[in-house]
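Chemist: For reference, the structure I am asking about is given below.
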Amino acid sequence: MENTSNYHPSPYRLNNIWIICRFELSRLFLTPRGLVAILTFMVIWYFIFKYPIDFSSKLLAMDEFKKNVSQMFGIIGLKNVLGWSAPEYSLYWIIALYSFPIFTLLFSADQTSSDRDRGTLRFLTLRTSRESLFFGRFLGQVFIQFILILGTLMTTFLMSIYRDSSSFNNAISSSFIIAINLLIIILPFTAFMALLSASLRSRIMTIMLAIILWGGSTALLSWSPFDWLSFSFLKEWIPGTQRIDLIQTNGWETLNFAAYPLLQTIIFLFAGVHIMRRNAL
0 MENTSNYHPS
10 PYRLNNIWII
20 CRFELSRLFL
30 TPRGLVAILT
40 FMVIWYFIFK
50 YPIDFSSKLL
60 AMDEFKKNVS
70 QMFGIIGLKN
80 VLGWSAPEYS
90 LYWIIALYSF
100 PIFTLLFSAD
110 QTSSDRDRGT
120 LRFLTLRTSR
130 ESLFFGRFLG
140 QVFIQFILIL
150 GTLMTTFLMS
160 IYRDSSSFNN
170 AISSSFIIAI
180 NLLIIILPFT
190 AFMALLSASL
200 RSRIMTIMLA
210 IILWGGSTAL
220 LSWSPFDWLS
230 FSFLKEWIPG
240 TQRIDLIQTN
250 GWETLNFAAY
260 PLLQTIIFLF
270 AGVHIMRRNA
280 L
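Note that numbering that gives the first Met the number 0 gives residue 27 to position 28 of the sequence shown, counting from 1, and the numbers run on in steps of one.
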């Protein structure tokens, strides 16, 4: 029989990371608790598509109404909001930019915290390293979020071509661009939750602390005295602060704002794996 006490797993085994990643996917899509979460997500997006997107897109399809709305948005500096290939994508873009980070905070809050509380992390690390476990769970959550993004984008695509079949090619291009952008947007949020989950033993506490740190820092740096003290540059390092710039752009220009989210992701992952190495299991 193999002696597990002498087993020293390699810190970064791609096979282990992939196995853990797949387990995260199965934990959401093949368990009752995960299916309830998916069903809740689908119900929420059903109402989003049914009312804000479907109803408003039909109005925006009328040239006169779209012209008036564009003028109104232009007054407040958002003239490019309706610049996507179809009104469905313009509305989806705004809603998705603000809703998916929230969904990410909820879906990815329990990457390692509950296992640490139950003591199962000790068992898991007999066969894989802490680093593999950390990155496997992170990648699994990224895949989950991206699958949800693709699902909602597919619905937007079908709504768009059902209303106007001639927009097929433009709709494909818009879907591809938006998918890339939303993936980049949710990366730092997922990494942030991985960091907090590696520090705490409760999913609820992870969510609460994330809201306090993220919401509190955003509110604090938006306070006018911080602008006077030239601290406004710190806003760029808070996940999600680039969304107002993204709303004002469309097409491939949106990728001009990808640098900060990617850097935030690297920083959070570096800090998270460091905590994972040092914290008691």
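Even for Gly, the Cβ is constructed at its ideal location relative to N, Cα and C.
Helix, strand or coil for PRO238 per DSSP?
Modeler: coil
Chemist: Does the structure place the region 156-175 close enough to the region 234-243 that three or more beta carbon pairs sit under 8 Å?
Modeler: Judged by Cβ distances under 8 Å, the region 234-243 makes no contact with the region 156-175, as fewer than three pairs qualify.
Chemist: Short of 7 Å in beta carbon distance, which residues of its chain neighbour TRP251, apart from the five on each side in sequence? Order them along the chain.
Modeler: ILE176
Chemist: Taking the C-alpha atoms as reference points, what is the distance between MET275 and ARG136?
Modeler: If you take the alpha carbons of MET275 and ARG136, they lie about 12 Å apart.
Chemist: Starting from PRO31 and walking both ways along the alpha helix (DSSP H), at which residues does that stretch end?
Modeler: Run containing PRO31: 31-47, per the alpha helix (DSSP H) assignment.
Chemist: Work out the CA separation of ASN14 and SER98 for me, nearest whole Å.
Modeler: 33 Å
Chemist: Is the Cβ-Cβ distance between TRP44 and SER173 less than 7 Å?
Modeler: Note that the C-beta distance between TRP44 and SER173 is not below 7 Å.
Chemist: Assign HIS273 to one of two classes, buried (16 or more other C-beta atoms within 10 Å of its C-beta) or exposed (fewer than that).
Modeler: Flag for HIS273 reads exposed.
Chemist: Taking the C-alpha atoms as reference points, what is the distance between PHE102 and SER164?
Modeler: 31 Å
Chemist: DSSP state of GLU1, grouped into three classes?
Modeler: A caution first: GLU1 carries a pLDDT of 42, below 50, which makes its placement in the model too unreliable to give a value.
Chemist: Could you check what DSSP says for ASP109 in three-state terms: helix, strand or coil?
Modeler: It is coil, neither helix nor strand.
Chemist: Distance, Cα to Cα, GLY139 vs CYS20?
Modeler: 4 Å
Chemist: How many Å lie between ARG129 and PRO260 at the Cα?
Modeler: 25 Å
Chemist: Verify whether the separation of the beta carbon atoms of THR264 and LEU186 is less than 7 Å.
Modeler: yes
Chemist: Using a Cβ-Cβ cut-off of 6 Å (strictly less than) and excluding sequence neighbours within five positions of LEU199, which residues of its own chain qualify?
Modeler: SER112, THR205
Chemist: Please confirm whether THR154 and PHE48 have their CB atoms less than 7 Å apart.
Modeler: yes
Chemist: Please look up how many angstroms separate the CB atoms of ILE143 and LEU34, rounded, as I've assumed it's under 8 Å.
Modeler: That belief does not hold up - the Cβ atoms of ILE143 and LEU34 are roughly 13 Å apart, past 8 Å.
Chemist: Go through its chain and collect everything with a Cβ distance to ARG202's Cβ below 7 Å, but skip five positions before and after it.
Modeler: ALA108, ASP109, SER112, SER113
Chemist: When we look at the beta-carbon of PRO31 and count the other beta-carbons within 10 Å, is it buried (16 or more) or exposed?
Modeler: exposed
Chemist: Which residues in the same chain have their Cβ closer than 8 Å to the Cβ of LEU123, if we skip the five residues on either side of it in sequence?
Modeler: Excluding sequence positions up to five before and after LEU123, its CB lies within less than 8 Å of the CB of ASP114, LEU132, all in the same chain and listed in chain order.
Chemist: DSSP three-state label for THR217, please.
Modeler: helix
Chemist: Contact check, PRO100 vs PHE188 under 8 Å by CB: the rounded distance?
Modeler: 5 Å
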